[in-house]
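Colleague:
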Amino acid sequence: CRFRPNNSKGDQTPSIGLFFDENYSGNGLRVVEVLKDGPTDKAEWDITSGTILEKIDGITLSKNVNHYELLNRKADKNTLLSFYNPATKKRFEAVIQPVSRGREYNLLYERWVSNRKKEVTEASDGKVGYVHVRGMNNSSFRTVYEEVLGENLTKESLIVDTRSNGGGWLHDDLATFLNGIPYIGFEPRGQRIGTEPQFKWSKPSVVLVGESNYSDAHMFPYTYRAMGIGKIVGMPVPGTGTAVWWERQIDP
């Protein structure tokens, strides 16, 4: 049971899509990374690591100024950022529209997945594929289907990451998709061009799990193991395999 309050007058702090150096002690905020596809990720500004954000809407960011206060309730509104690049000794300005925390969350998720893909590619010399299952739902399954049979099609094996998955109802569909058993090969004139099933993964795989797998994200690794598809690696999954029906309070 939970209560979700809705305070229309509460603070709403949007994001400008920048990571800052928390050890920097000078005036302003020193950028260490620009969030890909965020509001400040535009080539025309060339905001690089080491660039200093000096002002927001003309207000100087001295050590006693909380920059979050200057962004309150400015989501999707034109906001003026003033920068200084110590490497080029140049100052420049950028008019952006800060994004909501929800939009930032999705961008951070995409960044996290991208970093995991790079990690797997580098560690396996490009031989192992990677896909993250964000939720046990239709949209996540479409993403898995597209990436596994697209960018990962020629990989020798596959890591299926289910960490931080909140559940849904996809365990059988996902396990069936990963449990392809080749039964025919196409080799016209000695050229091997494919096998059946075409639309399932039929090579080795492992499922990566963690403490934040919940509900059907517990049922999927159970199904994967019960069907003998491959190994499960990671941290123990909580016993939260549940099927629920949500009821809202009738009398408000």
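To convert, take the position in the sequence shown, counting from 1, and add 94; that gives the numbering used here. A virtual CB, placed ideally from N, CA and C, is assigned to each residue, including glycine. This one's a predicted model, so the numbers in the text were calculated from it and none came from an experiment.
1) In terms of alpha-carbon separation, which member of GLY284, GLU138, LEU112 lies closest to LYS130?
2) Hey, which unbroken runs of the beta strand (DSSP E) at 3 residues or more fall wholly within the segment 225-296?
3) Roughly how many angstroms lie between the CA atoms of ASN160 and ALA217, to the nearest whole one?
4) Over the uninterrupted beta strand (DSSP E) stretch that includes THR215, give me the two end residues.
5) May I ask you to report which of helix, strand or coil DSSP gives PHE177?
6) Say whether chain D places a C-beta atom closer than 8 Å to the C-beta of LYS184.
7) Return helix, strand or coil for GLU127, following the three-state DSSP convention.
8) Can you tell me which of ASN117, THR145, ILE287, ASP310 puts its alpha carbon nearest to the alpha carbon of VAL128?
9) Rounded to the nearest angstrom, what separates THR142 and THR107 at their Cα positions?
10) Under the three-state reduction of DSSP, which class applies to GLU305: helix, strand or coil?
11) Taking only the alpha-carbon atoms, compute the straight-line gap between CYS95 and SER309 and give it to the nearest angstrom.
12) Going by the CB atoms, is the gap between GLN191 and THR173 shorter than 8 Å?
13) Are at least three pairs of beta-carbons, each pair with one atom in the segment 247-262 and one in the segment 222-233, less than 8 Å apart?
14) Can you check which of these residues, THR237, ASN101, ALA320, THR248, is closest to GLY288 by C-alpha distance?
15) Quick one: what's THR154 bridged to in DSSP?
16) Compute the distance between the beta-carbons of PRO298 and GLY324, then report whether it is under 8 Å.
Modeller: Taking the coordinates as given:
1) Residue 130 sits at position 36 when you count from the first residue of the sequence shown. The residue with the shortest Cα to Cα distance from LYS130 is LEU112.
2) 251-255, 278-280, 288-290
3) Your numbering for residue 160 matches position 66 in the sequence shown. Your numbering for residue 217 matches position 123 in the sequence shown. Roughly 41 Å separates the two Cα atoms.
4) Taking the first residue of the sequence shown as position 1, residue 215 is located at position 121. No beta strand (DSSP E) holds THR215; the alpha helix (DSSP H) holding it covers 195-218.
5) Counting from 1 along the sequence shown, the entry for residue 177 is found at position 83. In this structure, PHE177 counts as strand in the three-state DSSP scheme.
6) Judged by its chain identifiers, the structure shown contains no chain D, having just a single protein chain.
7) The residue you call residue 127 lines up with position 33 of the sequence shown. GLU127: strand per DSSP, three-state reduction.
8) Against the sequence shown, residue 128 aligns to sequence position 34. Closest by C-alpha distance to VAL128, out of ASN117, THR145, ILE287, ASP310, is THR145.
9) The residue you call residue 142 lines up with position 48 of the sequence shown. The residue you call residue 107 lines up with position 13 of the sequence shown. So the two alpha carbons sit approximately 24 Å from each other.
10) As a first step, residue 305 must be located in the sequence shown, where it is residue number 211. GLU305: coil per DSSP, three-state reduction.
11) The residue given as residue 95 occupies position 1 in the sequence shown. The residue given as residue 309 occupies position 215 in the sequence shown. Looking at the two C-alpha atoms, the distance is approximately 16 Å.
12) As a position in the sequence shown, residue 173 is number 79, starting the count at 1. As a position in the sequence shown, residue 191 is number 97, starting the count at 1. Yes.
13) yes
14) Position 194 of the sequence shown, counted from the first residue, corresponds to residue 288. Taking each of THR237, ASN101, ALA320, THR248 in turn and checking the Cα distance to GLY288, the smallest one comes out for THR248.
15) Position 60 of the sequence shown, counted from the first residue, corresponds to residue 154. BP columns for THR154 point to LYS149.
16) To locate residue 298, count along the sequence shown from 1; it is residue 204. To locate residue 324, count along the sequence shown from 1; it is residue 230. It is a contact, given that the beta carbons lie within the stated cut-off.
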